[in-house]
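Quick note: the sequence shown uses UniProt numbering, first residue 1, plus one each step.
Each residue gets a CB set at the ideal place from its N, CA and C atoms; glycine is no exception.
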Amino acid sequence: MRIDLSIKLGKDWERSNRLSLMFMQMTVANNIKSTIKNTEDAKEFMKSVEKCSQSESADKSLAGTLMNTLTNIKFDGYRTIHEHILEMTNLAARLKTMEMKVNENFLVTFILNSLPSEYGSFHMNYDTLKDKWNVYELQSILIQEEMRLKKPIIHSANLIGHKGAGKKPGKKNGKGNHGQLKVKQSSAPIHKKEQIKDKCRFCNKPGYYQKDCLKRKTWFENKGIPYDPNHKPKCEIHFYGKQSQSSS
Numbered sequence: 001m002r003i004d005l006s007i008k009l010g011k012d013w014e015r016s017n018r019l020s021l022m023f024m025q026m027t028v029a030n031n032i033k034s035t036i037k038n039t040e041d042a043k044e045f046m047k048s049v050e051k052c053s054q055s056e057s058a059d060k061s062l063a064g065t066l067m068n069t070l071t072n073i074k075f076d077g078y079r080t081i082h083e084h085i086l087e088m089t090n091l092a093a094r095l096k097t098m099e100m101k102v103n104e105n106f107l108v109t110f111i112l113n114s115l116p117s118e119y120g121s122f123h124m125n126y127d128t129l130k131d132k133w134n135v136y137e138l139q140s141i142l143i144q145e146e147m148r149l150k151k152p153i154i155h156s157a158n159l160i161g162h163k164g165a166g167k168k169p170g171k172k173n174g175k176g177n178h179g180q181l182k183v184k185q186s187s188a189p190i191h192k193k194e195q196i197k198d199k200c201r202f203c204n205k206p207g208y209y210q211k212d213c214l215k216r217k218t219w220f221e222n223k224g225i226p227y228d229p230n231h232k233p234k235c236e237i238h239f240y241g242k243q244s245q246s247s248s
C-alpha cells in the first residue's frame with residue numbers, strides 16, 4: 001500500500017511540477033528569460049527568477065519596458081475596451097510592485113491618449129469637465145461609448161443587406177445596362193419625327209415641303225389646273241409609292 005501511495009504521489013508531483021514550470025515560463029518577462037538557467041524543476045526555476053529580479057539592472061530594464069509599454073500602447077479595436085483598460089491597469093500594478101507607483105490621474109490620461117480618433121469628441125468632452133473620473137468610472141463610460149460607436153456600423157451593414165436582397169441575379173452582366181438602352185430607344189422616335197417633318201407629302205422625298213415640290217407643280221400643269229402652292233387636296237390615294245390626287 002505504501003509503495004502504491006508513493007508511486008501515486010510521485011506522479012502527482014511530476015504533473016504539478018510540469019504545469020507550474022510551464023505557467024512560470026509563460027508569464028516571466030521576455031527580457032529576463034535569456035538570463036534564467038534552464039531547469040526541469042519548478043522550484044529551481046523560481047529561485048533563478050528571484051535572483052534575476054533582485055538585480056538592480058534587471059529591475060531598471062523591466063521597469064523601463066513596462067513604463068514604455070504603458071505610455072505608448074494604443075487601442076486597436078481587435079479587443080474590447082474592457083480588455084484594453086485591464087491590460088493597462090495590470091501594467092500599472094506591476095510597476096507599483098517595483099516601487100514605481102503610477103498616479104491614477106496619470107493612468108486615466110494614458111488610457112485616454114491610447115484611444116483612436118473615433119473617440120476624439122469623447123476626449124474633448126472629458127477635458128471640459130470640472131470633475132475627473134477614476135479608472136473604473138472611465139472604463140464604465142468608455143464601454144457605453146464603444147457600444148454607441150458600433151451601432152452605425154451595424155445599421156449600415158443591415159441597410160446594405162436589405163438593398164442587395166431585392167436584386168435578381170444575373171442583372172450585372174449581359175442585359176444589365178437598361179438605363180443606356182432606354183436612352184437610345186427614347187431618342188429614336190424623336191429623330192424619326194424630325195425626318196417626317198422635313199418630308200414632302202407629295203413625292204415622299206425628304207429635304208423640302210410639299211409647296212416647294214417640282215413634281216407637284218408639274219402635276220398641276222398636266223391637269224390644266226392653275227398651280228397654287230398652298231392648295232390642299234381633298235384626298236390622297238397611295239399605290240406603292242405612286243400617287244393620284246383629285247383637286248377641289
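Buried versus exposed call for residue i [16 or more other C-beta atoms within 10 Å across all chains shown]
i           : result
A93         : exposed
residue 254 : Any question about residue 254 goes unanswered here, given that the chain covers just 1 to 248.
F45         : buried
F23         : exposed
L66         : buried
Q139        : buried
Beta-carbon contacts of residue i that lie in its chain and below 6 Å, excluding the five residues immediately before and after
i    : result
C203 : C213, K215
A42  : N17, S20, L21
F220 : Y227
K132 : none
K205 : none
T130 : Before going on, a small fix: residue 130 reads as Lys here, not Thr. Contacts found: none.
Closest residue to residue i among the options (Cα-Cα distance)
i    : options                : result
N113 : E99, M98, I73          : I73
R148 : Y119, W133, D131, K132 : Y119
V102 : A63, E83, K33          : A63
R15  : K33, E40, W133, S34    : E40
S61  : M100, Y208, W13, T128  : M100
K150 : D12, K223, N68, Y78    : Y78
Distance between beta carbons of residue j and residue i, contact taken as under 8 Å
i    : j    : result
E145 : F110 : The pair is not a contact, with the Cβ atoms about 17 Å apart (cut-off 8 Å).
L91  : L115 : Rounded, the Cβ-Cβ distance is 16 Å, inconsistent with contact.
Own chain partners of residue i with C-beta closer than 8 Å, once the 5 adjacent residues on each side are dropped
i           : result
residue 258 : In this structure the chain extends from 1 to 248, so residue 258 is not present and cannot be described.
residue 285 : Outside the shown range of the chain (1 to 248) lies residue 285, about which nothing can therefore be said.
residue 290 : No answer is possible for residue 290: it lies beyond the span of the chain, which begins at 1 and ends at 248.
Q210        : C200, R201, F202, R216
L95         : A63, L66, M67, L70, K101, V102
Cβ-based neighbour list, residue i, same chain, cut-off 7 Å, excluding 5 preceding and 5 following
i    : result
F75  : I81, H84, S114, L115, P116
E194 : With a pLDDT of 49 at E194, under the threshold of 50, the predicted position of this residue should be treated as unreliable, though the coordinate-derived value follows. Nothing listed; no residue qualifies.
Y126 : L112
G10  : none
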